[in-house]
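Visitor: Let me begin by handing over the structure; questions about it come next.
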Amino acid sequence: GENVEQHPSTLSVQEGDSAVIKCTYSDSASNYFPWYKQELGKRPQLIIDIRSNVGEKKDQRIAVTLNKTAKHFSLHITETQPEDSAVYFCAASEGNAGGGADGLTFGKGTHLIIQP
Amino acid sequence: ETGVTQSPTHLIKTRGQQVTLRCSSQSGHNTVSWYQQALGQGPQFIFQYYREEENGRGNFPPRFSGLQFPNYSSELNVNALELDDSALYLCASSQFPGELFFGEGSRLTVL
Chain D
12 GENVEQHPST
22 LSVQEGDSAV
32 IKCTYSDSAS
42 NYFPWYKQEL
52 GKRPQLIIDI
62 RSNVGEKKDQ
72 RIAVTLNKTA
82 KHFSLHITET
92 QPEDSAVYFC
102 AASEGNAGGG
112 ADGLTFGKGT
122 HLIIQP
Chain S
496 ETGVTQSPTH
506 LIKTRGQQVT
516 LRCSSQSGHN
526 TVSWYQQALG
536 QGPQFIFQYY
546 REEENGRGNF
556 PPRFSGLQFP
566 NYSSELNVNA
576 LELDDSALYL
586 CASSQFPGEL
596 FFGEGSRLTV
606 L
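Here the protein sequences line up with chains D and S, keeping their order.
All the letters of the first sequence, read from the start, carry residue numbers 12 to 127 under the numbering used here.
All the letters of the second sequence, read from the start, carry residue numbers 496 to 606 under the numbering used here.
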């Protein structure tokens, strides 16, 4: 089955700086890669996703890049703000956005801390 | 507000007992997925129900079972509880094959 590795486990950046979180996956059949943000005690929320036929996608301060050959994808957050502090999870699926028969395979998460 | 609601929010059980967790999907959604999130870990796929049928299953033993009802709400049942079953259980609904919308979860503690 799919295996997703996520680094770093904790990332501390100064407010206004950029943050980058990286993930690798093992199953070359995976074609959908979402990123979820989970604030303490809250539900995971989808913040951005990318499909394997696209190399990069951007939404305001957030961008995701995908390298299919190397089987890795990254989340980039620019001009970080205090409300960006949360745990971020990457995930992969060879099915649809809902995960399909094998579901979404998640990384272990990155705790992003924005220092004032 | 995503509209996915779960109950109960917290519960404590003892080893060997059985538990039922409930999930009401967001209006218009026909698919429900269940995930287990251990402390400090990412969610792990348990199973998915689409139109009342199990549509896929992760690496969980048969003592984890589920149901989806005609109104697309769902139940997760866990028999013979073990200490390692202590976790946050997340339900997510979607309009197949669209993105998942998660509920706030049910925090299960097994003593």
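All C-beta atoms, glycine included, are put in the ideal place defined by N, C-alpha and C.
Any C-beta of chain D sitting closer than 7 Å to the C-beta of Q536/S?
Guide: By this cut-off, Q536/S is an interface position.
Visitor: Who are the near neighbours of D60/D in its chain, counting only those whose CB is closer than 8 Å to its CB and skipping five residues on each side?
Guide: The beta carbon of D60/D lies closer than 8 Å to those of Y43, F44, P45, W46, K68, V75 and A108 in the same chain, with the five residues before and after it left out.
Visitor: Consider the Cβ of T604/S: report whether some Cβ of chain D lies at a distance smaller than 7 Å.
Guide: no
Visitor: Measuring alpha carbon to alpha carbon, tell me which residue in Q543/S, G498/S, T500/S and Q512/S is nearest A575/S.
Guide: The residue with the shortest Cα to Cα distance from A575/S is Q512/S.
Visitor: Shorter than 7 Å from the beta carbon of S528/S to some beta carbon of chain C?
Guide: Protein chains D and S are contained in the structure displayed, whereas chain C is not.
Visitor: Can S601/S and L595/S be called in contact, C-beta distance under 7 Å?
Guide: no
Visitor: Since N550/S is in the beta strand (DSSP E), which residue starts that stretch and which ends it?
Guide: E548 to R552
Visitor: Rounded to whole angstroms, what's the CA-CA distance from E496/S to K53/D? Just pull it up for me.
Guide: Unreliable positioning characterises E496/S in this predicted model, as indicated by a pLDDT of 48, which lies under 50. A coordinate reading is not provided.
Visitor: Give the single residue among L57/D, N14/D, E26/D and P19/D whose Cα lies nearest to the Cα of D38/D.
Guide: N14/D
Visitor: Measuring straight from C-alpha to C-alpha, what distance separates P127/D and I58/D?
Guide: Approximately 23 Å, taken between the alpha carbons.
Visitor: What would DSSP say about E496/S, mapped onto helix, strand or coil?
Guide: Reliability of the predicted coordinates at E496/S is poor, the pLDDT of 48 falling under 50, and no value is obtained from them.
Visitor: Is it buried or exposed, L534/S, if we count other Cβ atoms within 10 angstroms and call 16 or more buried?
Guide: It is exposed - the Cβ of L534/S has fewer than 16 other Cβ atoms within 10 Å.
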